[in-house]
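Novice: Sharing a structure here in structure tokens format.
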Amino acid sequence: MAEIKFKPLADRVLVKPVSVEEKTKGGIIIPDTAKEKPQKGDVVAVGSGTKDQEMMLKVGDQVVFGKYAGTEVSFEDEKYLILKEDEIYGIFE
Numbered sequence: 043m044a045e046i047k048f049k050p051l052a053d054r055v056l057v058k059p060v061s062v063e064e065k066t067k068g069g070i071i072i073p074d075t076a077k078e079k080p081q082k083g084d085v086v087a088v089g090s091g092t093k094d095q096e097m098m099l100k101v102g103d104q105v106v107f108g109k110y111a112g113t114e115v116s117f118e119d120e121k122y123l124i125l126k127e128d129e130i131y132g133i134f135e
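Numbering (this note's numbering), first residue to last: 43 to 135.
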């Protein structure tokens, strides 16, 4: 993955959502409008935290977040989410 030249502010993180399956087991292709939004992704950039709380996340963490959390942005034809740290439910170990 190319290095992203984006630095989130305060307690925000930039997450690359994990792609969802495009076919069912029977080979039926699911249209984009019917696909479920991913709820898992990889952290690609983190802010420096706030004066009250240090960031717990780091680049490379795989996280779970709410279905409608964050703001979608695009950089170089790739889709990302900007999330506040408290919108993230947990980290995969």
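Even glycine gets a Cβ: it sits at the ideal position worked out from N, Cα and C. Only a predicted model underlies this, so the values are computations on that prediction, with no experimental measurement involved.
Between which two residues does the beta strand (DSSP E) carrying residue 114 extend?
Specialist: Element bounds for residue 114: 113 to 117.
Novice: Starting from residue 59, follow the beta strand (DSSP E) in both directions and report where the run begins and ends.
Specialist: Here the beta strand (DSSP E) through residue 59 covers 54 to 59.
Novice: Counting along the chain, where does the beta strand (DSSP E) carrying residue 86 start and finish?
Specialist: Element bounds for residue 86: 82 to 88.
Novice: In or out: residue 85 buried (at least 16 other Cβ within 10 Å) or exposed?
Specialist: With 16 or more other Cβ atoms within 10 Å, it is buried.
Novice: For residue 131, tell me which candidate among 45, 98 and 49 has the shortest Cα-Cα distance.
Specialist: For the residues 45, 98 and 49, the minimum Cα distance to residue 131 belongs to 98.
Novice: How many angstroms separate the CA atom of residue 116 from the CA atom of residue 122?
Specialist: Approximately 6 Å between the Cα atoms of the pair.
Novice: Please report how far the alpha carbon of residue 127 lies from the alpha carbon of residue 58, in whole angstroms.
Specialist: The straight-line gap from Cα to Cα measures roughly 14 Å.
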